[in-house]
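Protein chains: 2
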Amino acid sequence: MSVTTPQGFRAAGVPAGLKSTGAPDVALVVNDGPLDVAAAVFTGNRVQAAPVQWSRQAVADGRATAVVLNSGGANACTGPEGFADSHRTAEHVAALLEASAQDVLVCSTGLIGVRLPMDTLLAGTDAAAAVLGADAASGEAAAHAIMTTDTVAKTASTTTASGAVVGGIAKGAGMLAPQLATMLVVLTTDAVVDATTADAALRAATAVTFDRVDSDACMSTNDTVILLASGASGIEVSLEELADGVREVSGVLARALVADAEGASHDVHVVVTSATTEVAALAVAREISRSNLVKTAIAGNDPNWGRIVAAAGCVPESVAPYDPAQLSVRVNGVQVCRAGEVGEPRELVDMTPRETLVEVDLAAGTATGDIWTNDLTHAYVEENSAYSS
Amino acid sequence: MSVTTPQGFRAAGVPAGLKSTGAPDVALVVNDGPLDVAAAVFTGNRVQAAPVQWSRQAVADGRATAVVLNSGGANACTGPEGFADSHRTAEHVAALLEASAQDVLVCSTGLIGVRLPMDTLLAGTDAAAAVLGADAASGEAAAHAIMTTDTVAKTASTTTASGAVVGGIAKGAGMLAPQLATMLVVLTTDAVVDATTADAALRAATAVTFDRVDSDACMSTNDTVILLASGASGIEVSLEELADGVREVSGVLARALVADAEGASHDVHVVVTSATTEVAALAVAREISRSNLVKTAIAGNDPNWGRIVAAAGCVPESVAPYDPAQLSVRVNGVQVCRAGEVGEPRELVDMTPRETLVEVDLAAGTATGDIWTNDLTHAYVEENSAYSS
Chain F
126 MSVTTPQGFR AAGVPAGLKS TGAPDVALVV NDGPLDVAAA VFTGNRVQAA PVQWSRQAVA
186 DGRATAVVLN SGGANACTGP EGFADSHRTA EHVAALLEAS AQDVLVCSTG LIGVRLPMDT
246 LLAGTDAAAA VLGADAASGE AAAHAIMTTD TVAKTASTTT ASGAVVGGIA KGAGMLAPQL
306 ATMLVVLTTD AVVDATTADA ALRAATAVTF DRVDSDACMS TNDTVILLAS GASGIEVSLE
366 ELADGVREVS GVLARALVAD AEGASHDVHV VVTSATTEVA ALAVAREISR SNLVKTAIAG
426 NDPNWGRIVA AAGCVPESVA PYDPAQLSVR VNGVQVCRAG EVGEPRELVD MTPRETLVEV
486 DLAAGTATGD IWTNDLTHAY VEENSAYSS
Chain H
126 MSVTTPQGFR AAGVPAGLKS TGAPDVALVV NDGPLDVAAA VFTGNRVQAA PVQWSRQAVA
186 DGRATAVVLN SGGANACTGP EGFADSHRTA EHVAALLEAS AQDVLVCSTG LIGVRLPMDT
246 LLAGTDAAAA VLGADAASGE AAAHAIMTTD TVAKTASTTT ASGAVVGGIA KGAGMLAPQL
306 ATMLVVLTTD AVVDATTADA ALRAATAVTF DRVDSDACMS TNDTVILLAS GASGIEVSLE
366 ELADGVREVS GVLARALVAD AEGASHDVHV VVTSATTEVA ALAVAREISR SNLVKTAIAG
426 NDPNWGRIVA AAGCVPESVA PYDPAQLSVR VNGVQVCRAG EVGEPRELVD MTPRETLVEV
486 DLAAGTATGD IWTNDLTHAY VEENSAYSS
């Protein structure tokens with residue numbers, strides 16, 4: 126049910142001592158081939174962590190043998206020395222696997238602005254390489270080792286129409302507002318595909334999965350989603366089939382990220398319909414998902430549709446043309462706002478389920494867009510004010 | 126020290142019963158002339174409350190005799206009936222004052238999506254008109270009657286170089302991210318000015334005061350700032366002098382709004398320097414002030430500069446050109462990030478003062494911009510999840 130579910134992959138996760146808690150903090154995912162196809166998408170943040178800078182150039186040729194990941198430190202804002210640390214990590218892992226450093230991708234997550242303790246990290250990669258396994262437990266161990274404020278490990282897998290398998294692991298619970306990518310995600314497949322297909326499938330999948338979760342409007346410096354293809358199944362798949370499989374696994378992982386978002390008590394699905402374009406629908410959905418007043422209202426089980434309408438009204442008309450007097454809102458199926466005015470009584474809305482469905486009808490066209498977010502709770506404030514992360 | 130400090134104005138604030146608590150909820154501010162000059166700026170939200178729609182057209186001729194304000198209900202998203210309610214309120218007050226309804230501006234604040242109880246409101250305006258006074262206590266009473274989640278009434282006044290007086294009252298503690306205006310503010314002056322000058326002075330002042338506070342990135346449907354000029358001092362002032370006075374009073378009131386922001390434990394001043402343009406500086410400052418991770422870190426007395434840098438990195442290069450590797454950050458005077466890398470130890474930063482100064486140097490030009498915001502606390506979540514507002 127993770128990166129080791131497809132054939133041709135081994136993984137490991139071990140405690141190296143980067144985290145003071147002694148929890149697992151170094152992971153390896155190795156592609157044993159026969160193919161070494163790879164694709165990746167990275168954060169849209171202009172401040173890019175050293176591992177992002179390293180991995181971006183390393184994956185540019187569409188090939189990778191392994192991914193080394195650590196929690197317990199983001200290696201961001203660490204200057205040329207930090208980049209050298211990522212490079213050295215790749216070289217060290219390459220030597221362990223008898224590969225080229227240029228084929229080792231690096232991912233880090235944790236506090237920004239602190240150098241990684243390299244001796245501890247490299248010793249951890251030695252330990253991880255020593256226990257690499259193709260079994261389910263090894264994939265699970267890798268998923269555990271990349272957790273930060275996550276409360277559960279995130280894994281998923283699926284089988285495509287012609288029998289190839291796609292699997293994945295992900296971490297992320299805060300600073301979760303990806304553009305092009307989110308948090309640390311490693312996807313694997315045993316399908317036979319080339320790098321161009323892998324890249325196209327990955328971008329198509331992330332655009333409708335990771336790009337559509339937004340826990341707190343805060344975009345990370347380290348977001349990375351990597352897809353590795355081993356070809357070990359011998360099954361050739363089309364772009365559409367691969368994209369379907371990658372999208373299914375990505376969708377499960379993206380939903381798991383929101384479900385485990387820091388302190389959340391509701392998963393919130395904001396669906397905007399009857400927009401002029403998908404861009405317009407997504408802009409309105411994102412503005413609503415980012416409203417602290419909407420998010421706190423939901424935390425308080427309050428279907429406060431005035432705050433939803435006010436958030437929608439903040440999107441410029443040039444981005445999302447619609448008439449505010451025609452806008453309607455349903456919360457958990459109850460039409461609380463009809464054509465810009467009071468609809469059904471808000472008391473009819475049952476806010477007790479974990480999942481809250483916010484539907485906004487712009488009455489302007491036929492396009493639709495949705496964003497998954499979560500509510501804003503005391504626990505979010507506690508987690509993000511009491512600890513550096 | 127408020128709207129009644131300048132000559133030529135009377136005010137009142139009374140409990141009409143719109144609030145279940147019995148607190149004051151209806152206010153009147155009356156300009157007794159000899160001039161009846163008025164200017165106003167309104168929310169940039171596309172969803173505009175009925176009183177905003179009414180007042181926008183009523184003030185278009187640059188004249189107004191009175192402003193009637195109520196808390197306890199925003200009269201937003203209430204359709205044509207809600208607009209008729211605002212119109213009827215203006216007509217009723219006009220009859221009380223022997224004025225024209227077109228010279229009565231209307232402001233409302235409170236829950237969106239609920240019709241106002243008109244009998245209660247109109248009876249309240251009768252009561253307010255009966256106790257109108259030019260004394261300090263009457264201005265204070267008006268300031269109290271427009272409070273919602275505010276914990277203190279906001280008032281201010283100043284005397285310009287040539288002796289004219291500018292005064293004002295304001296309310297606002299949440300949904301505070303104005304564009305062109307903020308919350309409900311009534312400014313008065315006894316200077317002799319024409320409508321064009323009043324409008325220009327008001328816009329110049331709000332651009333650098335109310336437009337630069339951002340408590341929670343949520344823009345209201347009812348924001349209104351009104352300036353009334355009576356000319357009662359007989360003192361003619363230039364645009365510059367009036368703008369200075371209006372800016373001073375607006376600045377005091379804007380800072381008071383942030384200081385009283387819902388649940389805040391720190392007032393945060395984000396100053397961005399060495400930007401290519403003021404627009405670029407303000408965009409970076411606003412992105413930082415809107416980051417929930419920055420705001421929760423400050424609530425926890427944590428000078429987590431990585432989150433500040435990550436927020437700055439979310440501003441598109443087309444808006445704010447700068448090199449992330451040259452960006453520096455000071456928190457309360459300590460340079461925690463120097464040219465994109467680790468600077469002084471974050472332990473040196475004293476976060477205990479109420480005011481937190483975040484300085485970001487983009488090393489890209491000579492322009493500066495600043496935003497006042499506040500931290501994100503348990504109390505904010507409590508206030509906005511436990512109560513409909």
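First to last, the sequence lines map onto chains F and H. Per my numbering, the first sequence runs over residues 126 to 514. Per my numbering, the second sequence runs over residues 126 to 514. Don't be surprised by glycine CBs; every beta carbon is placed ideally from N, CA and C. Predicted model, so just to flag it, every value in this text is computed and none were measured.
Assigned secondary structure, residue i (DSSP; H/G/I helix, E/B strand, else coil)
{"i": "Ser416/F", "result": "coil"}
{"i": "His269/H", "result": "helix"}
{"i": "Ala357/H", "result": "coil"}
{"i": "Glu366/F", "result": "helix"}
{"i": "Leu246/F", "result": "helix"}
{"i": "Ile508/H", "result": "In the sequence as presented, Ile is not what sits at residue 508/H; that position holds Glu. Helix at Glu508/H."}
{"i": "Arg455/F", "result": "strand"}
{"i": "Leu312/F", "result": "strand"}
{"i": "Ser263/H", "result": "helix"}
{"i": "Gln304/F", "result": "Below a pLDDT of 50, predicted positions are generally treated as unreliable, and Gln304/F, at 46, falls in that range; the measurement from the model is reported next regardless. Note: Gln304/F maps to coil in three-state DSSP."}
{"i": "Ser233/F", "result": "strand"}
{"i": "Ala171/H", "result": "The amino acid at residue 171/H is misidentified as Ala; the sequence shows Arg. Here Arg171/H sits in coil by DSSP."}
{"i": "Arg479/F", "result": "coil"}
{"i": "Glu484/H", "result": "strand"}
{"i": "Gly187/F", "result": "coil"}
{"i": "Ala163/F", "result": "strand"}
{"i": "Val239/F", "result": "coil"}
{"i": "Ser375/F", "result": "helix"}
{"i": "Leu382/H", "result": "helix"}
{"i": "Val404/H", "result": "helix"}
C-beta contact flag for residue i and residue j at 8 Å
{"i": "Leu247/H", "j": "His217/H", "result": "yes"}
{"i": "Ala597/H", "j": "Ala281/H", "result": "Given that chain H is displayed from residue 126 to residue 514, the structure contains no residue 597/H and the question cannot be resolved."}
{"i": "Thr273/H", "j": "Leu143/H", "result": "no"}
{"i": "Ala464/H", "j": "Ala445/H", "result": "no"}
{"i": "Val290/F", "j": "Ser358/F", "result": "yes"}
{"i": "Ala330/H", "j": "Ala368/H", "result": "yes"}
{"i": "Phe516/F", "j": "Thr334/F", "result": "The first residue shown for chain F is 126 and the last is 514, placing residue 516/F beyond what the model contains."}
{"i": "Thr314/F", "j": "Gly370/F", "result": "yes"}
{"i": "Asp339/F", "j": "Thr477/F", "result": "no"}
{"i": "Leu482/H", "j": "His394/H", "result": "yes"}
{"i": "Ala137/H", "j": "Leu352/H", "result": "no"}
{"i": "Asp150/H", "j": "Gly207/H", "result": "no"}
{"i": "Val154/F", "j": "Val184/F", "result": "no"}
Classification of residue i by the beta-carbon crowding that lies within 10 angstroms, buried from 16 upward
{"i": "Gln182/F", "result": "exposed"}
{"i": "Asp210/H", "result": "buried"}
{"i": "Val397/H", "result": "buried"}
{"i": "Thr346/F", "result": "buried"}
{"i": "Asp260/H", "result": "exposed"}
{"i": "Pro303/H", "result": "Confidence at Pro303/H is low in this model, with a pLDDT of 49, below 50, so its placement is unreliable and the value that follows should be read with caution. It counts as buried."}
{"i": "Val461/F", "result": "buried"}
{"i": "Ala389/F", "result": "buried"}
{"i": "Asp448/H", "result": "exposed"}
{"i": "Arg479/H", "result": "exposed"}
{"i": "Met243/H", "result": "exposed"}
{"i": "Thr190/F", "result": "buried"}
Contact belief for residue i with residue j at Cβ below 8 Å, rounded distance in angstroms
{"i": "Ile294/F", "j": "Thr234/F", "result": "Rounded, the Cβ-Cβ distance is 13 Å, inconsistent with contact."}
{"i": "Ala323/F", "j": "Arg188/F", "result": "Going by Cβ atoms, the distance from Ala323/F to Arg188/F rounds to 10 Å, so no, they are not a contact pair."}
{"i": "Leu516/F", "j": "Ser180/F", "result": "Only positions 126 to 514 of chain F appear in the structure, and residue 516/F is not among them; the question remains open."}
{"i": "Ala437/H", "j": "Val409/H", "result": "5 Å"}
Unbroken alpha helix (DSSP H) run spanning residue i, endpoints
{"i": "Ile294/F", "result": "Element bounds for Ile294/F: not the alpha helix (DSSP H) but the beta strand (DSSP E), Val290 to Lys296."}
{"i": "Asp324/F", "result": "Ala320 to Val333"}
{"i": "Arg432/F", "result": "Trp430 to Ala437"}
{"i": "Leu222/H", "result": "Gly204 to Leu222"}
{"i": "Arg181/H", "result": "Ala175 to Ala183"}
Start-to-end residues for the beta strand (DSSP E) that takes in residue i
{"i": "Gly494/H", "result": "Ala492 to Asn499"}
{"i": "Ser282/H", "result": "Lys279 to Thr284"}
{"i": "Ala117/H", "result": "No answer is possible for residue 117/H: it lies beyond the span of chain H, which begins at 126 and ends at 514."}
{"i": "Val256/H", "result": "Taken as a continuous stretch (DSSP letters only), Val256/H belongs to no beta strand (DSSP E), as it is neither H nor E."}
{"i": "Ala152/F", "result": "Val151 to Asn156"}
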